[in-house]
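Notes follow the structure.
Here's what the structure looks like:
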């Protein structure tokens, strides 16, 4: 029983510390470091690194059904780490908008890097 309680406390420690500091953990400001850590995988992986990877994985999985303007057509054989690099590069190159929700930043980054070709003929 004590082990289960200790395990649960340790699992939620990164989350509770973010809440305690009042961090805006939905913003690009907060998530940039975690997305960088997700790519490098140096040291211990925390829940926020996984949040970044999971969000990017979900966005690329749902790429073709995202709202217009956010649809993405990733290249064949892309990796989740490659997509994370696209998102990190976008956030680094646009520090003036890091206060925005990182999910929106990620969708924008991926749609700009990998736009879908128009199927209509001109």
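Residue numbers (mature numbering (1 follows the signal peptide of the UniProt record, and there is no 0)): -20 to -1, 1 to 102. Cβ atoms here follow ideal geometry from the backbone N, Cα and C, with glycine treated the same way.
_Selected residue, minimal CA-CA separation from residue 9, among 97, 67 and 37_ = For the residues 97, 67 and 37, the minimum Cα distance to residue 9 belongs to 67.
*Which residue's Cα is closest to the Cα of residue 6: 83, 30 and 51?*
83
*asked:* Would residue 15 and residue 63 be called neighbours here (beta carbons separated by less than 7 Å)?
replied: no
_Residue range of the unbroken alpha helix (DSSP H) whose run includes residue 37_ = 27 to 41
*What is the DSSP secondary structure of residue 90, reduced to helix, strand or coil?*
helix
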